[in-house]
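Counting from 1, position 26 in the sequence shown corresponds to residue 26 in UniProt numbering; the numbering is continuous, with no gaps.
For glycine and all other residues, C-beta sits at the position ideal for the given N, C-alpha and C.
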Amino acid sequence: MQGKSKEDEILAILRTVDDPELPTVSVYDLGMVHEIKIVLNNVAITMVPTFAGCPALDFIEKDVKEAVEALDWVDGCQVEFSFQLRWTTDSITDKGRENLKKLGIAAPPETYQPGDSWTVSCPYCDSAYTSMENVFGPTACRSILYCMECRNPFEAMKPVVEYSIS
Ligand SMILES: [Zn+2]
Numbered sequence: 001m002q003g004k005s006k007e008d009e010i011l012a013i014l015r016t017v018d019d020p021e022l023p024t025v026s027v028y029d030l031g032m033v034h035e036i037k038i039v040l041n042n043v044a045i046t047m048v049p050t051f052a053g054c055p056a057l058d059f060i061e062k063d064v065k066e067a068v069e070a071l072d073w074v075d076g077c078q079v080e081f082s083f084q085l086r087w088t089t090d091s092i093t094d095k096g097r098e099n100l101k102k103l104g105i106a107a108p109p110e111t112y113q114p115g116d117s118w119t120v121s122c123p124y125c126d127s128a129y130t131s132m133e134n135v136f137g138p139t140a141c142r143s144i145l146y147c148m149e150c151r152n153p154f155e156a157m158k159p160v161v162e163y164s165i166s
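Pasting the structure below:
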């Protein structure tokens, strides 16, 4: 029982650690937390990197480590990124999608399959009447789109799905 409450404390902390590139969106809500192991007062966290092109992993590692080690009972925290695990945009929680929208970033479609045409609704007015302005965007993981309805430019996260390897 005690072990579980410690894990809950860690999860609560991870809900407060934001992705450096996405302020207000926590690493937990991005679906990056894979496993938490607690041995005595040491914590080991395995995380799944999001987009391979995002250079923020060092910062995330540092932020998570510092936040967890700020807990009274924690002696040390190790953060490891597993590159074997596949992160998909479906791992983003509902709260994460909501917070992305508040940043003016459209979350990727939830039921996207490879080959589907990718339609994005405007995070400001929900209109689907949008156009791809610049597929390359500021980072490898986002695109710039333009809403024809409210005439705002906005960003959209590209869908990442698990490709089945046969
Ligand atoms: Zn709009």
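Task: Terminal residues of the beta strand (DSSP E) in which Glu110 lies - done: What you label residue 110 is simply residue 110 of the sequence shown in a count that begins at 1. Neither: Glu110 is in no beta strand (DSSP E) and is coded neither H nor E.
Open item on the list: When you compare the CB positions of Asp18 and Ser5, do they come within less than 8 Å of one another, or not?
Closed with: The count along the sequence shown starts at 1 and reaches residue 18 at position 18. The count along the sequence shown starts at 1 and reaches residue 5 at position 5. Contact flag unset, no.
Task: Coil, strand or helix - Glu98 by DSSP - done: Taking the sequence shown and counting its residues from 1, the one referred to as residue 98 is at position 98. Here Glu98 carries a helix assignment [DSSP, helix/strand/coil].
Open item on the list: Taking 7 Å as the cut-off, is the C-beta of Glu155 nearer than that to any heavy atom in ligand 1?
Closed with: If you number the sequence shown from 1, residue 155 lands on position 155. Answer for Glu155: no, Cβ out of range of ligand 1.
TODO: Classify Leu57 as helix, strand or coil using the three-state DSSP reduction.
DONE: The residue you call residue 57 lines up with position 57 of the sequence shown. Taken through DSSP and simplified to helix, strand or coil, Leu57 comes out as helix.
Task: Beta-carbon contacts of Glu153 that lie in its chain and below 8 Å, excluding the five residues immediately before and after - done: Locating residue 153 in the sequence shown gives position 153, where the first residue counts as 1. A small correction: the amino acid at residue 153 is Pro; Glu does not occupy that position in the sequence shown. Contacts found: Glu133, Ile144, Leu145, Tyr146 and Cys147.
Open item on the list: Which runs of the alpha helix (DSSP H) at least 4 residues long sit entirely within the UniProt domain "MIP18 family-like" (7-80)? Give them in chain order.
Closed with: Within the UniProt domain "MIP18 family-like" (7-80), the runs of alpha helix (DSSP H) that reach at least 4 residues and sit entirely inside it are, in chain order, 57-69.
TODO: State yes or no: is the C-beta of Thr119 within less than 8 Å of the C-beta of Ala128?
DONE: As a first step, residue 119 must be located in the sequence shown, where it is residue number 119. As a first step, residue 128 must be located in the sequence shown, where it is residue number 128. Yes.
Open item on the list: Give me the residue from Val39, Asp8, Pro23 and Ala156 with the minimum Cα distance to Thr89.
Closed with: Residue 89 sits at position 89 when you count from the first residue of the sequence shown. Looking at the Cα atoms, Ala156 is the closest of the given residues.
- [ ] Return the bridge partner residues of Pro153 from the DSSP annotation.
- [x] Here the question's residue 153 lines up with position 153 in the sequence shown. Answer by DSSP bridge pairing, in chain order: Tyr146.
Open item on the list: Using only CA atoms, which one of Ala67, Ala56, Asn99 and Val39 lies nearest to Phe81?
Closed with: For the purposes of this step, residue 81 is taken as the residue at position 81 of the sequence shown. Looking only at Ala67, Ala56, Asn99 and Val39, the smallest Cα-Cα distance to Phe81 is reached by Ala56.
TODO: Under 6 Å Cβ to Cβ from Glu21, same chain only, skipping five residues before and after it: list those, please.
DONE: Counted from its first residue, the sequence shown places residue 21 at position 21. Closer than 6 Å at the Cβ level, and outside the excluded window around Glu21, lie Ala56.
Task: Cβ neighbours of Ile10 in the same chain (closer than 8 Å, five flanking residues each side left out) - done: In the sequence shown, the residue the question calls residue 10 occupies position 10. A distance below 8 Å between beta-carbons, with the five flanking residues on each side excluded, links Ile10 to the following residues of its chain, in chain order: Ile36, Ile38, Val43, Ile45, Val68 and Leu71.
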